[in-house]
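Protein chains in written order, with numbering that gives the first Met the number 0: chain A, 0 to 234; chain E, 0 to 262.
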Amino acid sequence: MGDSQYSFSLTTFSPSGKLVQIEHALTAVGSGQTSLGIKAANGVVIATEKKLPSILVDETSVQKIQILTPNIGVVYSGMGPDSRVLVRKSRKQAEQYFRLYKEPIPVTQLVRETATVMQEFTQSGGVRPFGVSLLVAGYDDKGPQLYQVDPSGSYFSWKASAMGKNVSNAKTFLEKRYDEETELDDAVHTAILTLKEGFEGQISGKNIEIGMIDNDKIFRILTPSEIEDYLNEVA
Amino acid sequence: MGGFSFDLCKRNEMLVQKGLKQPSFLKTGTTIVGLIFRDGVILGADTRATEGPIVADKNCEKIHYMAPNIYCCGAGTAADTEAVTDMVSSQLKLHRYHTGRESKVVTALTHLKSHLFSYQGHVQAALVLGGVDMTGPHLHTIYPHGSTDTLPFATMGSGSLAAMSVFESKYREGMSRDEGIKLVAEAISSGIFNDLGSGSNVDICVITKGKREYLRNYLLPNPRMYISEKGYSFSKKTEVLFTKITPLREVVEVIEVGDAMEE
Numbered sequence: 000m001g002d003s004q005y006s007f008s009l010t011t012f013s014p015s016g017k018l019v020q021i022e023h024a025l026t027a028v029g030s031g032q033t034s035l036g037i038k039a040a041n042g043v044v045i046a047t048e049k050k051l052p053s054i055l056v057d058e059t060s061v062q063k064i065q066i067l068t069p070n071i072g073v074v075y076s077g078m079g080p081d082s083r084v085l086v087r088k089s090r091k092q093a094e095q096y097f098r099l100y101k102e103p104i105p106v107t108q109l110v111r112e113t114a115t116v117m118q119e120f121t122q123s124g125g126v127r128p129f130g131v132s133l134l135v136a137g138y139d140d141k142g143p144q145l146y147q148v149d150p151s152g153s154y155f156s157w158k159a160s161a162m163g164k165n166v167s168n169a170k171t172f173l174e175k176r177y178d179e180e181t182e183l184d185d186a187v188h189t190a191i192l193t194l195k196e197g198f199e200g201q202i203s204g205k206n207i208e209i210g211m212i213d214n215d216k217i218f219r220i221l222t223p224s225e226i227e228d229y230l231n232e233v234a
Numbered sequence: 000m001g002g003f004s005f006d007l008c009k010r011n012e013m014l015v016q017k018g019l020k021q022p023s024f025l026k027t028g029t030t031i032v033g034l035i036f037r038d039g040v041i042l043g044a045d046t047r048a049t050e051g052p053i054v055a056d057k058n059c060e061k062i063h064y065m066a067p068n069i070y071c072c073g074a075g076t077a078a079d080t081e082a083v084t085d086m087v088s089s090q091l092k093l094h095r096y097h098t099g100r101e102s103k104v105v106t107a108l109t110h111l112k113s114h115l116f117s118y119q120g121h122v123q124a125a126l127v128l129g130g131v132d133m134t135g136p137h138l139h140t141i142y143p144h145g146s147t148d149t150l151p152f153a154t155m156g157s158g159s160l161a162a163m164s165v166f167e168s169k170y171r172e173g174m175s176r177d178e179g180i181k182l183v184a185e186a187i188s189s190g191i192f193n194d195l196g197s198g199s200n201v202d203i204c205v206i207t208k209g210k211r212e213y214l215r216n217y218l219l220p221n222p223r224m225y226i227s228e229k230g231y232s233f234s235k236k237t238e239v240l241f242t243k244i245t246p247l248r249e250v251v252e253v254i255e256v257g258d259a260m261e262e
């Protein structure tokens, strides 16, 4: 960061006290594909649309939900390439934490370090903020957790959240249906129904992605056929 | 990033030339072995860690985890073997996340040898690296300066000659799991009993396609035999005839009278 001749930040305050670049970054997130997450009593589920630019694209080569550590997964809304950079950095940070303390990184710590990276890019020379918001789902000894991290670097813990194109409808839907006692499988059904709300076209195992983590603390990305099974249960 | 600074090494060489006796290195003697059998790789190690003539750890672990399908035995300076295997294990893990594939033994090999080469032998780790990946079973030895060999059976450490004599006479290709374990245990035992730098127990690790078994303390040929059952008892006490206590300082009694001083 801060390479070439830019030692000054491109993200500067406007007279109204806003950082306009971050506002624009949030707009970029808001026009990205919908993604959401739900925290259940015994786990967390995250899901996203996987709309490809053309039917010629090999959908098996695209993976939006990524594993950061065996017990933490992440999904994004916004610019895919930006999310790849963050995923790479987060994985490295988790590994560095493990090498130093010889314990798996707690979810809050990883979220905090990722958020710190995103904040640094709003206050460094010659770089722009990330055009993604992340939903981090993890299960450690504090139980299941779901965090949303924004381009500004602020993060919040959510019981259920949505980001991207259809965010207001999705959030209203989630608010109505959210129940703290929900089991993980029911949460998956709710996630699918929420995605279905704003989905253009026929929903199938090939155009959505679902990742989940339950009591065994292992983050799993569902295969298209597993997603089809859940879809059949919902329909 | 800088890299290793060799200034002090030059200074040491100059001092030796001027006649200064160089302090002796803390070498940790070891017997470590590996062999390829029909279904995979078997690694073996003794469990003695020495500081010169003293046994520092009677049951240390010399077979280090690198990846679910790759393990590495380490001889030489214990701190160096631990640190270098830990570091490469970490890098392999990140690589697995990025590629989504199982780690290859040659990947671990290349990381280790380039690290050791860049430190020009000052990181004193002699390693026996073995594992099974999608291309089959592999066994390598890595020397502190960064050179490597690929072998069907290998030994390293101060007990390597004792162990190698067992391998050279009894190794065959395509051994079964039990035959392989027996041979590895025999080789390590040979090192334990014939080399002062090796001792205590035999650790074995069997790696096959999709499975690994870490047989910690597979053999315990040096049990602690004599433990006194009676315990310790001290004979007759000295009789107390007379007691006098003399305070070293006079004890002054503080008596609180009245209210505290007014301002």
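For every residue, glycine included, the Cβ atom is placed at its ideal position computed from N, Cα and C.
What are the residues that DSSP puts in a beta bridge with residue i?
i        : result
E:Tyr213 : E:Cys204
A:Lys38  : A:Val43
A:Ser8   : A:Gly124
A:Ile66  : A:Gly72
E:Ile31  : E:Ala44, E:Met155
E:Leu126 : E:Gly73, E:Ile141
Taking Cβ positions only, does residue i come closer than 9 Å to chain E?
i        : result
A:Arg219 : no
A:Arg176 : no
A:Leu67  : yes
A:Gly1   : Bear in mind that the predicted position of A:Gly1 carries a pLDDT of just 47, short of 50, making it too unreliable to give a figure here.
A:Glu94  : yes
A:Lys205 : no
A:Lys91  : yes
A:Arg127 : no
A:Phe120 : no
A:Arg111 : no
Could you check whether residue j and residue i sit closer than 9 Å to each other, using their CB atoms as the reference points?
i        : j        : result
A:Lys175 : A:Ala161 : no
A:Ala46  : A:Leu35  : yes
E:His110 : E:Gln90  : yes
E:Ser189 : E:Val165 : yes
A:Glu235 : A:Gly152 : Since the first residue shown for chain A is 0 and the last is 234, residue 235 of chain A is missing from the structure and cannot be characterised.
E:His63  : E:Ser88  : yes
A:Leu192 : A:Ile207 : no
A:Ile212 : A:Tyr138 : yes
A:Val135 : A:Val106 : yes
E:Val201 : E:Leu182 : no
E:Tyr70  : E:Arg176 : no
A:Ala24  : A:Phe129 : yes
E:Thr80  : E:Ile187 : no
A:Ile37  : A:Tyr154 : no
E:Gly196 : E:Gly156 : yes
Would you mind giving the Cβ-Cβ distance between residue i and residue j, rounded to the nearest angstrom? I have them listed as a contact below 8 Å.
i        : j        : result
E:Ile203 : E:Ile226 : The Cβ separation is near 27 Å, so there is no contact.
A:Glu232 : A:His188 : 7 Å
E:Ile206 : E:Asn68  : 6 Å
E:Ser124 : E:Thr76  : In the sequence on display, residue 124 of chain E carries Ala and not Ser. Contact holds; Cβ gap of about 7 Å.
E:Lys92  : E:Gly73  : The Cβ separation is near 19 Å, so there is no contact.
E:Tyr96  : A:Ile66  : 7 Å
A:Ser89  : A:Thr115 : Not really, about 11 Å apart at Cβ, beyond 8 Å.
A:Phe218 : A:Gly72  : 4 Å
E:Val131 : E:Val54  : About 34 Å separates the two Cβ atoms, so there is no contact after all.
E:His94  : E:Thr106 : 7 Å
A:Ile202 : A:Leu173 : The Cβ separation is near 17 Å, so there is no contact.
If you measure from the CB of residue i, is any heavy atom of the ligand NAP nearer than 8 Å?
i        : result
A:Leu230 : The model depicted lacks the ligand NAP and carries no ligand whatsoever.
Starting from the C-beta of residue i, find all residues in its chain whose C-beta is less than 6 Å away, skip the five residues before and the five after it, and write them out in chain order.
i        : result
A:Lys164 : Thr33
E:Asp38  : Thr207
E:Gly33  : Leu42, Val127, Gly129, Leu138, Ala153
A:Ile209 : Ala46, Leu221, Ile226
E:Phe116 : Gly145
A:Trp157 : Leu145, Gln147
A:Ser6   : Gly124
Using 9 Å as the limit for Cβ to Cβ distance, is residue i near chain A?
i        : result
E:Leu93  : yes
E:Met86  : yes
E:His137 : no
E:Leu7   : no
E:His97  : yes
E:Ser102 : no
E:Ser189 : no
E:Arg211 : no
E:Met0   : Per-residue confidence for E:Met0 stands at a pLDDT of 46, beneath the threshold of 50, marking its modelled position as unreliable; no derived number is given.
Within a Cβ cutoff of 8 Å, which residues of the same chain sit near residue i, ignoring the five residues on either side of it in sequence?
i        : result
A:Phe12  : Leu18
A:Gly16  : none
A:Gln122 : Ser8, Thr10
A:Val61  : Lys49, Leu51
E:Pro151 : Leu34, Ile35, Leu138, Tyr170, Glu172
E:Phe3   : Ser117, Tyr118, Gln119, His121
Any beta carbon of chain D sitting closer than 9 Å to that of residue i?
i       : result
E:Tyr64 : Annotation note: the requested chain D is absent from the structure, which comprises protein chains A and E.
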